[in-house]
Amino acid sequence: MPVARINETYRRLFSIRLGRPGALQNRLTPGLITIIVYAGNETITIKGTYNGDNGLLSGLAQLYRLGYLDNREEVAFQIRDQNTIEIAFQVAEVGQNQAQVNLMEREQTVFERRHLNHIHIEPFRPENLRNWFPRTEPDIYMIFGVLEEYTDFKYCCGTNMDLLRQLGYQTEENAKPDAILISRTTGEYLIAEFKLRSSQFFQNHDRDDIDVLVVWENDVNEEGRNELPNHIVVLSEIARTAAVDNFAADE
Numbered sequence: 006m007p008v009a010r011i012n013e014t015y016r017r018l019f020s021i022r023l024g025r026p027g028a029l030q031n032r033l034t035p036g037l038i039t040i041i042v043y044a045g046n047e048t049i050t051i052k053g054t055y056n057g058d059n060g061l062l063s064g065l066a067q068l069y070r071l072g073y074l075d076n077r078e079e080v081a082f083q084i085r086d087q088n089t090i091e092i093a094f095q096v097a098e099v100g101q102n103q104a105q106v107n108l109m110e111r112e113q114t115v116f117e118r119r120h121l122n123h124i125h126i127e128p129f130r131p132e133n134l135r136n137w138f139p140r141t142e143p144d145i146y147m148i149f150g151v152l153e154e155y156t157d158f159k160y161c162c163g164t165n166m167d168l169l170r171q172l173g174y175q176t177e178e179n180a181k182p183d184a185i186l187i188s189r190t191t192g193e194y195l196i197a198e199f200k201l202r203s204s205q206f207f208q209n210h211d212r213d214d215i216d217v218l219v220v221w222e223n224d225v226n227e228e229g230r231n232e233l234p235n236h237i238v239v240l241s242e243i244a245r246t247a248a249v250d251n252f253a254a255d256e
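The numbering used here numbers the first residue of the sequence shown as 6 and each following residue consecutively.
1. In terms of residue numbering, what span does the alpha helix (DSSP H) encompassing Gly45 cover?
2. Within a Cβ cutoff of 7 Å, which residues of the same chain sit near Ser20, ignoring the five residues on either side of it in sequence?
3. Is Leu186 a contact residue of the ligand SAM, with contact defined as CB to any heavy atom under 7 Å?
4. Looking only at its chain, what residues have a beta carbon closer than 6 Å to the beta carbon of Ile49, apart from the 5 residues adjacent to it on each side?
5. Given Lys52, which residues of its chain have a CB within under 8 Å of its CB, disregarding the five upstream and five downstream residues?
6. So for Ile11, helix, strand or coil by DSSP?
7. Buried or exposed: Ala28, going by 16 or more other Cβ atoms within 10 Å of its Cβ?
8. Can you tell me where the alpha helix (DSSP H) with Gln67 in it begins and where it stops?
9. On the DSSP bridge assignment, give the partners of Arg22 in chain order.
10. According to DSSP, is Thr89 part of a helix, a strand, or is it coil?
11. Can you tell me where the beta strand (DSSP E) holding Val217 begins and where it ends?
12. In its own chain, which residues sit with a C-beta less than 7 Å from the C-beta of Ala93, not counting the 5 before and 5 after it?
13. What did DSSP end up calling Gln83 once you bin it into helix, strand or coil?
14. Excluding the five sequence neighbours on either side, which residues of its own chain have a C-beta within less than 8 Å of the C-beta of Gln67, listed in chain order?
15. Check Glu242 in the structure and name its three-state DSSP category.
16. Would you mind reading off the limits of the alpha helix (DSSP H) that contains Tyr73?
17. Taking the beta carbon of Pro143 as the centre, do at least 16 other beta carbons fall within 10 Å, making it buried, or is it exposed?
18. For a test of the three-state rule: what should DSSP assign to Phe206, helix, strand or coil?
19. Go ahead and label Glu198 buried or exposed: buried means 16 or more other beta carbons lie within 10 angstroms of its beta carbon, across all protein chains shown.
20. Looking at the unbroken alpha helix (DSSP H) that takes in Ile145, where does it start and where does it end?
21. Do Arg202 and Lys159 count as a contact pair if the criterion is CB distance below 8 Å?
22. Need the endpoints of the alpha helix (DSSP H) that Phe158 sits in, please.
23. From the DSSP output, which residues share a beta bridge with Glu198?
24. Out of Ile187, Asp157, Arg10 and Asp213, state which residue places its alpha-carbon closest to the alpha-carbon of Asn76.
25. In the DSSP assignment, the alpha helix (DSSP H) including Leu168 goes from what residue to what residue?
26. Report the residue from Gln95, Asn59 and Tyr55 whose alpha carbon sits nearest the alpha carbon of Gly72.
27. Is the separation between the beta-carbon of Pro7 and that of Phe82 shorter than 8 Å?
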């Protein structure tokens with residue numbers, strides 16, 4: 006049975022190291038992984054992400070918070086299929102008392118302190134486009150981070166006036182671009198703007214000042230396209246395509 010490694014670095018990242026795909030005879034596919042945890046009579050199922058480049062399985066905050074991985078340098082696991090692993094703990098190993106203490110000592114959330122209404126707020130995944138849409142510009146940053154690998158661009162950093170002055174990029178505060186991206190094709194730095202819809206670009210920007218416009222929805226017609234930057238990344242279309250690809254892989 007293979008063994009995952011745990012050290013302080015992995016703990017800080019809420020991860021364990023399974024090893025790279027070759028070390029696992031390529032039996033586990035990098036990407037989203039289902040982790041089934043057996044602890045006495047309890048069964049917990051969580052989702053994690055297996056990184057084939059460094060061999061880490063991340064997204065295990067729940068297991069760490071509940072004390073399942075306390076005082077461990079390794080944990081045995083079993084590969085059920087290419088997208089699922091199983092981990093079993095003896096009851097004495099689970100650290101139930103510590104788990105209960107962790108839960109009791111947590112601080113109340115703002116939702117609890119202010120008695121906010123309990124409504125369902127859909128989280129973003131490429132698969133749930135029917136039920137999710139971005140509400141603010143920060144959502145666009147988050148989605149780009151999720152879908153970046155499906156584009157020709159990599160996120161470099163956000164911009165502020167100090168950085169723009171260092172670059173010699175002259176602009177007013179209200180027309181400041183949002184970020185710098187890197188072209189995967191050429192390796193060049195590119196000036197980028199993030200908007201919910203492409204029509205919002207015209208409010209405070211000129212096409213010659215921006216290389217890449219990243220939006221959720223392109224609502225500009227073909228006639229207005231010439232007034233937009235050369236590169237437009239429409240995240241809703243990419244997310245829809247990624248969802249179709251993921252569903253096809255599951256069939």
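Note that beta-carbon positions come from the ideal geometry of N, C-alpha and C, so glycine has one too. Quick caveat: nothing in here was measured; it's all calculated off a predicted structure.
A quick look at the data gives this:
1. Counted as a single uninterrupted DSSP element, the stretch harbouring Gly45 is not any alpha helix (DSSP H), since DSSP gives it neither H nor E.
2. Taken in chain order, the residues that qualify are Leu61, Leu62, Ser63 and Leu65.
3. Absent from the structure shown: the ligand SAM. Ligands present: none.
4. Only Val42 meet the Cβ criterion.
5. Take Lys52, set aside five residues on each side of it, and the residues of its chain with a beta-carbon closer than 8 Å to its own are Leu37, Ile38, Thr39, Ile40 and Gly64, in chain order.
6. Note: Ile11 maps to coil in three-state DSSP.
7. Ala28 should be labelled exposed.
8. Here the alpha helix (DSSP H) through Gln67 covers Ala66 to Arg70.
9. Paired residues: Arg10 and Leu61.
10. Thr89: strand per DSSP, three-state reduction.
11. Segment Val217 to Glu222, the beta strand (DSSP E) holding Val217.
12. Result list for Ala93: Tyr43, in chain order.
13. The answer is strand: DSSP assigns Gln83 an E or B state.
14. Within its own chain, the residues whose Cβ lies closer than 8 Å to the Cβ of Gln67, once the five positions on either side in sequence are excluded, are Ile49 and Ile51, listed in chain order.
15. Glu242: helix per DSSP, three-state reduction.
16. Membership of Tyr73 in any alpha helix (DSSP H) is not indicated, and neither H nor E is assigned to it by DSSP.
17. By the Cβ-count criterion, Pro143 is exposed, with fewer than 16 other Cβ atoms from all chains shown falling within 10 Å of its own Cβ.
18. The answer is helix: DSSP assigns Phe206 an H, G or I state.
19. Buried, by the Cβ-count rule.
20. Glu142 to Leu152 is the span of the alpha helix (DSSP H), which, as asked, contains Ile145.
21. Cβ distance not < 8 Å, so Lys159 and Arg202 don't count as in contact.
22. Element bounds for Phe158: not the alpha helix (DSSP H) but the beta strand (DSSP E), Phe158 to Gly163.
23. Under the DSSP definition of a beta bridge, Glu198 partners with Leu218.
24. Selected option, being the one with the closest Cα: Arg10.
25. That run of the alpha helix (DSSP H) goes Met166 to Leu172.
26. For the residues Gln95, Asn59 and Tyr55, the minimum Cα distance to Gly72 belongs to Gln95.
27. Closer than 8 Å, so yes.
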